[in-house]
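Trainee: So the numbering used here is basically just the index in the sequence shown, starting at one, shifted up by 35. Note that beta-carbon positions come from the ideal geometry of N, C-alpha and C, so glycine has one too.
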Amino acid sequence: TLFDRVMSMSVGKTLEKVPDSTHDQLLRKALYLLCHLLFGSAVMFFAAFMYHSQLAHWTFALSVMAASAWNGAGFYSKVWATKYNEQVQQAAEQRVKGAAGKRAK
36 TLFDRVMSMS VGKTLEKVPD STHDQLLRKA LYLLCHLLFG SAVMFFAAFM
86 YHSQLAHWTF ALSVMAASAW NGAGFYSKVW ATKYNEQVQQ AAEQRVKGAA
136 GKRAK
């Protein structure tokens, strides 16, 4: 069941700390159901709020798109900077080798 699967994950490790003297972990199962109910209700409230408020929906959608663009741009900037630094390092090493070869002659 989902309860058994969650109990083997990190969230379940927190629930295992709850003292439960019942035979079938009834207290832990009840706490799991309560957490599931609260999380589900919060998500449904958020979805209903987004459905009824066009401004909130557009603001959220634009925020997600802006965050995606920011993260993507940051990734490419990091990749390009790394490649550029590698190319500059290789060019510098070649110049040093070339200069050392000319001096040896």
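(1) Between the C-alpha atoms of A65 and F84, what's the straight-line distance to the nearest angstrom?
(2) Indicate the three-state DSSP secondary structure (helix, strand or coil) for D39 in the structure shown.
(3) In terms of residues, what are the limits of the alpha helix (DSSP H) holding K52?
(4) In or out: R130 buried (at least 16 other Cβ within 10 Å) or exposed?
Mentor: Here's the rundown:
(1) 28 Å
(2) helix
(3) From DSSP, K52 is part of no alpha helix (DSSP H); its letter is neither H nor E.
(4) exposed
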